[in-house]
Amino acid sequence: MFFNTIDFAIFLPIVFVLYWFVFNNNLRLQNALIVTASYVFYGLWDWRFLSLILFSTVVDYFIGISLAKHKNASTRKILLLTSIFINLGFLGFFKYFNFFIDNFVTAFSFMGVQLSSNSLDIILPVGISFYTFQTLSYTIDVYRNKLEPTKDFVSFCAFVSFFPQLVAGPIERATNLLPQFYSKRTFDYTNAVNGMRQILWGLMKKVLIADNCAIYANLFFNNSTDYSGSTLVLGAFFFTFQIYCDFSGYSDIAIGTSKLFGFNLKRNFAFPYFSRDIAEFWRCWHISLSTWFRDYLYIPLGGSRGSVSNKIRNVFIIFIVSGFWHGANWTFIIWGALNALYFIPLLLSKRNRSNLEVVAQGRHFANFNDIFHMTLTFLMVMFAWIFFRAENISHALSYISGIFSSSLFSIPIFLGMKKALLTIIFILLFMAAEWLGRHRQFALADLQASLSKPLRWGLYYGIVITIWQFGGSPKEFIYFQF
Amino acid sequence: MKLFIRKSIIFSLPIVLFLVVTETIIRQIPNDYSYKNKYLSSNSKHIETLVLGSSHSFFGINPDYFTRSAFNAAHVSQSLNYDYFIFNKFKNKLSNLKTVVIPVSYFTLFSQLENGIENWRVKNYSIYYGCKCHYDLKYNFEIIGKNPLEILKQIYTYHKGTNHITISELGFGLSYSNVKQSDLLTTGVTAAKRHTMSDLGLLNTNIVLLNKLITESNKGIKVILFTPPARKSYISNLNEHQLSVMKSSIADIIKGKFNVEYYDFMDDAQFVDSDFKDADHLNGIGAKKLTQLINRMIVDKK
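Here the protein sequences line up with chains A and B, keeping their order. All residue numbers for the first sequence refer to my numbering, where the first residue is 81 and numbers rise by one. All residue numbers for the second sequence refer to my numbering, where the first residue is 4 and numbers rise by one.
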């Protein structure tokens with residue numbers, strides 16, 4: 081089931097009513113309802129892969145309990161490695177099997193050995209990268225004695241499969257989400273209203289911006305040889321907003337939905353396109369994944385300590401692994417490596433934490449210096465997205481060479497320019513709203529403090545009507561494929 | 004909690020009211036699908052020749068030129084599963100039926116309405132024909148997939164007197180009859196590309212449907228299968244593999260069945276440029292020609 085469907089619009093109120101009115105007095109039943117609803121939510125996509133979630137849940141539940149029982153360091157290590165092996169084994173098989181087979185065959189062919197490629201027709205289970213990392217974080221935290229293992233199986237099932245964030249995050253830490261299943265939730269009106277606002281804002285991002293941008297991003301990327309350099313720049317621009325609004329839109333709906341059930345999820349995006357350098361961008365983009373890699377990979381590797389070569393190695397590892405997490409394609413690896421190249425000069429010159437506060441704090445407008453750095457960062461990010469979006473490396477390179485051709489300074493010409501212009505206007509309005517709300521958790525958060533009720537309701541109706549009137553044709557969320 | 008529920012309901016009420024009222028109004032506006040369902044419900048016993056299929060028969064066969072009483076129950080992009088549904092729904096009422104005419108175009112055996120760009124039409128079978136084929140909401144409501152201005156415009160134009168029915172009394176699609184011809188070269192290339200499937204996986208499903216339709220017509224009803232005429236620009240851009248699978252499948256389907264005849268008009272020299280609306284659709288003149296040809300086959304072999 082997808083958030084941007086009528087099915088979800090019916091599913092959500094039903095679960096909400098059952099949760100608060102039928103099972104309100106029994107915590108275990110409430111949790112069981114969440115598990116059931118989550119399995120229905122996931123099973124409507126493909127019920128066969130529920131077995132994977134269940135298997136992963138059972139494995140990590142029992143390994144967690146075993147870790148608490150055993151004090152012997154080597155036994156604990158074996159238990160941890162078992163969890164890592166099983167979880168990453170599934171992920172590796174479903175996501176990377178064909179990639180490795182194809183690359184081995186290609187590598188051997190360079191050495192003159194011809195092997196036959198036996199790639200399998202594997203369906204990638206939606207959300208596997210997300211829930212795998214979530215369960216792994218639980219086992220690692222228990223192993224590190226940062227978390228008491230749970231003996232409440234239903235709560236653990238609910239933690240792994242919690243439907244708002246099951247298929248595309250935010251990737252929750254057990255230390256944050258699991259304890260929320262142990263205690264009775266109370267309905268908080270302000271929190272719930274904020275949740276509804278966040279759902280509306282997320283839907284707007286997805287349906288109005290991302291789905292409309294997708295039309296042109298797909299058109300220009302799929303037929304890149306037919307368009308001028310300036311049009312290809314526009315294509316990269318549209319994809320830059322498509323990926324942001326698609327993914328952060330999903331996160332907003334997930335976080336907003338969780339609020340309706342009394343849960344607080346991690347923030348996943350913090351206005352990344354207002355970043356003044358690439359380090360700030362990575363503190364604001366897909367925060368739950370960046371911090372996961374930071375805590376479970378970067379810091380164990382030594383982080384930013386040690387020699388210069390160690391620092392560079394660690395940065396490359398974390399960015400390349402992060403790229404590879406997105407998919408089995410060299411384009412993602414190059415995208416990761418490119419971001420590492422952007423980041424390393426900042427790290428080595430110790431300027432990677434120079435922009436920690438919100439841009440133009442206490443002012444309405446940014447100064448020239450901030451505007452210059454935001455624009456530069458945006459262009460660097462946009463350039464890297466070309467690799468992320470391209471089908472393969474040669475497609476990315478041909479797209480880039482298409483941009484840097486003599487037609488770069490021509491006026492873009494393509495079919496549907498009027499609608500594209502309208503989409504650009506929506507993007508500008510959206511960015512203006514994000515700018516005004518950049519001090520908040522999301523642009524519409526806590527709106528009651530700044531707008532009167534009639535204005536607020538007028539704004540909500542305006543957003544609903546605009547989404548309905550101008551929304552693009554429904555498309556799946558991009559991050560479902562990761 | 005009560006305050007939240009109350010405010011949510013108050014907020015949603017105007018939107019829900021708008022949806023309910025407009026959905027109800029739009030369903031009352033007569034359209035091609037509701038007309039055909041109504042016609043078949045009340046006139047089935049008079050029909051001797053029933054035409055099914057996609058736009059190739061919807062715009063290509065005009066029942067006015069049949070000698071016997073005929074009705075065109077084809078619709079744009081109507082696939083074999085809906086041909087079978089319509090036939091099955093009315094078969095008991097079609098007491099005088101002698102001939103069923105079904106086009107087997109280049110794409111027919113490999114496609115289904117649900118999988119193509121015209122899948123928004125599925126709702127018409129649910130709403131106006133009462134087909135319980137899908138539970139997906141988008142296939143059961145008029146207003147899903149339409150924006151508010153489209154909805155209001157549809158209602159407004161109807162109340163201003165615009166007729167939303169685009170077919171003749173006997174179900175023939177009129178919108179291609181007297182309109183300017185599209186460029187035959189470019190439409191040939193784009194249509195061939197659109198009709199070439201990356202996956203021929205629906206072949207077996209469609210063969211089963213066609214065989215069921217033929218078997219259930221067996222009691223004295225003749226089934227005429229035909230491949231509609233097309234222009235060179237379309238034919239030369241077809242995928243040879245898909246075309247040969249289509250032809251061999253038709254040969255398999257008709258083998259040993261005495262109530263089935265097949266005619267291939269795809270490259271028929273009787274059809275000239277002026278018979279076409281675009282590279283794979285006939286105009287009114289071409290439709291007359293094709294109908295008369297098929298009529299002769301029905302009458303001559305009576």
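Even glycine gets a Cβ: it sits at the ideal position worked out from N, Cα and C. In this text the structure is predicted, and so the values were computed from the model without any measurement.
- In the same chain as E514 (chain A), and ignoring 5 residues on each side of it, the C-beta atoms closer than 6 Å to its own belong to F351, A523, in chain order.
- Listed along the chain, the chain A residues whose CB falls inside 8 Å of the CB of K135 (chain B) amount to none; the nearest CB is some 18 Å away.
- Residue pairing from DSSP places K225 (chain B) in a beta bridge opposite B:T102.
- S108 (chain B) sits away from L187 (chain B), with the two beta carbons spaced by 7 Å or more.
- Under the Cβ distance rule, M269 (chain B) does not count among the residues neighbouring chain A, no pair being separated by less than 7 Å.
- Membership of F74 (chain B) in the beta strand (DSSP E) is indicated by the continuous run 73–75.
- With fewer than 16 other beta carbons inside 10 angstroms of its own, V182 (chain B) counts as exposed.
- Per DSSP, Y265 (chain B) is one residue of the beta strand (DSSP E) stretching across 263–267.
- Counting along the chain, no beta strand (DSSP E) covers L109 (chain A); the unbroken alpha helix (DSSP H) around it starts and ends at 107–126.
- Distance from the CA atom of L113 (chain A) to the CA atom of F21 (chain B), rounded to whole angstroms, is 33 Å.
- Per DSSP, the unbroken alpha helix (DSSP H) holding V313 (chain A) starts and ends at 309–340.
- Per DSSP, T190 (chain B) has no beta-bridge partner at all.
- Here Y218 (chain A) is buried: its Cβ has 16 or more other Cβ atoms, across all protein chains shown, within 10 Å.
- Judged by DSSP secondary structure, D281 (chain B) falls within the beta strand (DSSP E) whose first and last residues are 279–281.
- Annotation: T266 (chain A) is outside any alpha helix (DSSP H) and is labelled neither H nor E by DSSP.
- In this structure, the beta-carbon distance from L171 (chain A) to I208 (chain A) falls below 7 Å.
- Cβ proximity to chain B below 9 Å picks out Y540, Y541, V544, I545, W548, Q549, F550 from the region 539–550 of chain A.
- Take the alpha-carbon of R9 (chain B) and the one of D526 (chain A): they are about 20 Å apart.
- DSSP, reduced to helix, strand and coil, places V182 (chain B) outside both helices and strands of the structure shown, so it counts as coil.
- Sixteen is the threshold: when 16 or more other Cβ atoms of the shown chains lie within 10 Å of the Cβ of Y128 (chain B), as they do, the residue is buried.
- V275 (chain B) carries a coil assignment under DSSP once its states are collapsed to helix, strand and coil.
- Between the region 237–251 of chain B and the region 198–216 of chain B, the count of C-beta pairs closer than 8 Å reaches three or more; the two stretches touch.
- The region 459–473 of chain A makes contact with the region 310–330 of chain A, as at least three CB pairs between them are under 8 Å.
- In the three-state scheme derived from DSSP, where H, G and I count as helix and E and B as strand, V54 (chain B) is classed as strand.
- If you look at D291 (chain A), you'll find it in the alpha helix (DSSP H) that goes 291–302.
- Your pair T190 (chain B) and A282 (chain B) checks out as a contact, with CB atoms roughly 4 Å apart and the cut at 8 Å.
- Put simply, the CB of Y269 (chain A) is near chain B, with a gap under 7 Å to one of its CB atoms.
- Taking 7 Å as the CB threshold, L140 (chain B) lines the interface with chain A.
- Taking the C-beta atoms as reference points, T102 (chain B) is found nearer than 7 Å to K225 (chain B).
- Across the set A:S146, A:V234, A:N409, A:I493, the C-alpha of A:V234 shows the shortest separation from the C-alpha of P259 (chain A).
- Rounded to whole angstroms, the gap between the alpha carbons of F82 (chain A) and F88 (chain A) is 7 Å.
- Closest by C-alpha distance to P231 (chain B), out of B:V104, B:S185, B:K141, B:I89, is B:V104.
- If you look at N167 (chain A), you'll find it in the alpha helix (DSSP H) that goes 153–171.
- Nearest Cα to N348 (chain A) within the set A:F184, A:Q521, A:V193: A:Q521.
- Going by beta carbons, G309 (chain A) and L488 (chain A) fall inside the 7 Å limit.
- Considering only B:T160, B:P151, B:S180, the residue with the shortest C-alpha distance to S60 (chain B) is B:S180.
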